[in-house]
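A short write-up of the structure that comes next.
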Amino acid sequence: MSITHTDAAPVYGSGKLTPTEPRVAQRKPISLPRLAELRARGEKITMLTAYDATFAAVADAAGVECILVGDSLGMVCQGLASTVGVGLETMRYHVESVSRGLLRTQGTAWLIGDLPFGSYHEGREQALRSAAVLMQAGAHMVKLEGGGWTAETTRFLVERGIPVCAHLGLTPQTVHALGGYRVQGRGDAAATLKRHAHELQDAGAAMLVLEMVPAVLSAELTLELPTCHTIGIGAGKGTAGQVLVLHDMLGVNLAKNPKFVRNFMAEAHSVQGAFEAYVRAVKDGSFPNDALHAW
Ligand code: KIV
Numbered sequence: 340m341s342i343t344h345t346d347a348a349p350v351y352g353s354g355k356l357t358p359t360e361p362r363v364a365q366r367k368p369i370s371l372p373r374l375a376e377l378r379a380r381g382e383k384i385t386m387l388t389a390y391d392a393t394f395a396a397v398a399d400a401a402g403v404e405c406i407l408v409g410d411s412l413g414m415v416c417q418g419l420a421s422t423v424g425v426g427l428e429t430m431r432y433h434v435e436s437v438s439r440g441l442l443r444t445q446g447t448a449w450l451i452g453d454l455p456f457g458s459y460h461e462g463r464e465q466a467l468r469s470a471a472v473l474m475q476a477g478a479h480m481v482k483l484e485g486g487g488w489t490a491e492t493t494r495f496l497v498e499r500g501i502p503v504c505a506h507l508g509l510t511p512q513t514v515h516a517l518g519g520y521r522v523q524g525r526g527d528a529a530a531t532l533k534r535h536a537h538e539l540q541d542a543g544a545a546m547l548v549l550e551m552v553p554a555v556l557s558a559e560l561t562l563e564l565p566t567c568h569t570i571g572i573g574a575g576k577g578t579a580g581q582v583l584v585l586h587d588m589l590g591v592n593l594a595k596n597p598k599f600v601r602n603f604m605a606e607a608h609s610v611q612g613a614f615e616a617y618v619r620a621v622k623d624g625s626f627p628n629d630a631l632h633a634w
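Counting from 340, one number per residue, gives the positions in the sequence shown under our numbering.
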């Protein structure tokens with residue numbers, strides 16, 4: 340890893356953090372207009388999860404544009420069987436850690452905090468209180484799972500200045516209701532998923548994670564949703580961007596990696612090298628490939 344501990348801020352010219360380069364941050368901070376710009380010129384948006392200061396700073400230095408402090412931390416950091424057991428205070432702690440890592444290294448990444456199970460389900464006021472906790476810990480945007488009832492909550496948050504990322508398809512917080520980690524949006528379910536996605540865009544969601552849905556469906560939605568950037572995970576290559584869980588793409592996992600994941604560490608000499616390979620592969624369209632998405 341090439342992050343060094345100096346009092347002065349590291350820089351990004353070569354994609355590596357070294358003490359010898361001029362101490363000027365050369366990259367523009369990622370913002371919603373900047374993400375729209377990337378999309379408008381056909382450049383894929385890159386996102387990775389991170390849960391602590393160091394990994395977040397390394398991902399940022401590798402050029403990852405969006406960092407998601409996902410509630411997947413329940414499974415990869417806490418050893419839980421699902422994300423259902425993750426609480427708001429845990430999310431706050433990890434969002435704050437990641438935010439600190441980015442601030443200390445003059446990181447430019449857009450930071451998204453996951454609202455955990457039970458922290459927004461009671462209604463929009465509860466969602467606002469929970470979102471405020473993550474925003475005050477350093478998040479730039481919050482993510483919430485599900486369609487239908489979440490549109491009203493999304494509108495309420497967006498009207499109050501909180502950018503929202505929606506999440507449809509396989510929504511891990513409802514894994515028990517879905518009957519397992521299965522592909523969603525097949526057959527008749529595609530129309531419902533599409534309706535939910537349009538409602539969320541209309542409510543002001545600026546981003547939409549599509550998890551484990553057919554590639555055709557996510558590609559169609561990407562064309563239909565100009566102001567809501569689709570970010571795929573196991574959803575084919577037709578989305579505006581891609582996200583992977585950090586541990587999965589480094590090939591370190593307590594469980595078997597999902598089929599759609601590529602182990603970028605297997606082809607790299609360092610963690611930062613793996614992140615850089617991921618950014619390159621998403622940008623040049625070589626990840627994901629069709630062989631990884633049989634649905
Ligand atoms: O919690 C998480 O890491 C997520 C990603 C799988 C998108 O929601």
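The C-beta atom is built at its ideal place from N, Cα and C for all residues, glycine as well.
For Lys533, the uninterrupted alpha helix (DSSP H) run begins and ends at Ala528 to Asp541, by DSSP.
Leaving aside the five residues that flank Glu382 on each side, the residues in its chain whose CB is nearer than 8 Å to its CB run, in chain order, Lys622. Burial state of Gly526 is exposed, judged by a 10 Å Cβ sphere holding fewer than 16 other Cβ atoms. A distance criterion of 7 Å places the beta-carbon of Thr385 beyond contact range of ligand 1, judged by its closest non-hydrogen atom. The alpha carbon of Leu507 has as its nearest neighbour, out of Val600, Lys533, Glu435 and Ala516, the alpha carbon of Lys533.
Rounded to whole angstroms, the separation of the alpha carbons of Thr510 and Ala605 is 28 Å. In the three-state reduction of the DSSP assignment, Gln581 falls in the strand class. In this structure, the CA atom of Gly612 is about 8 Å from the CA atom of Ala401. Between Ala448 and Leu454, the C-beta spacing is not below 8 Å. Arg499 is the residue among Thr531, Arg499 and Phe614 whose C-alpha sits nearest the C-alpha of Glu464. If you compare the alpha carbons of Arg380, Ala579 and Thr492 with that of Leu467, the shortest gap goes to Thr492. Proximity of the stretch 561-574 to the stretch 537-553 meets the contact definition, three or more beta-carbon pairs being nearer than 8 Å. In the DSSP annotation of this structure, the continuous segment of the beta strand (DSSP E) that includes Asp453 starts and ends at Trp449 to Asp453. Ile451 has its Cβ no nearer than 7 Å to any heavy atom of ligand 1. Between the stretch 430-437 and the stretch 386-400, the count of C-beta pairs closer than 8 Å reaches three or more; the two stretches touch.
In terms of Cβ geometry, Leu547 and Ala529 do not form a close pair [threshold 8 Å].
Assignment of Met551 by DSSP, reduced to helix, strand and coil, places it in the coil class.
With a threshold of 16 other beta carbon atoms within 10 Å, His479 meets it and is buried. Summarising the contact set, residues whose Cβ lies nearer than 7 Å to any heavy atom of ligand 1 are, in chain order, Thr388, Leu407, Gly409, Asp410, Ser411, Thr422, Asp453, Lys482, His506, Pro511, Val548, Glu550, Ile572, Val582 and Val584. Beta-bridge analysis with DSSP links His568 to Met546. With 16 or more other Cβ atoms from the protein chains shown falling within 10 Å of its own Cβ, Lys576 counts as buried.
Ranked by how close their Cα comes to the Cα of Ala476, the residues Thr429, Leu496, Leu556 and Gly485 have Thr429 in first place.
Thr422 and Met414 have their C-alpha atoms spaced approximately 6 Å apart.
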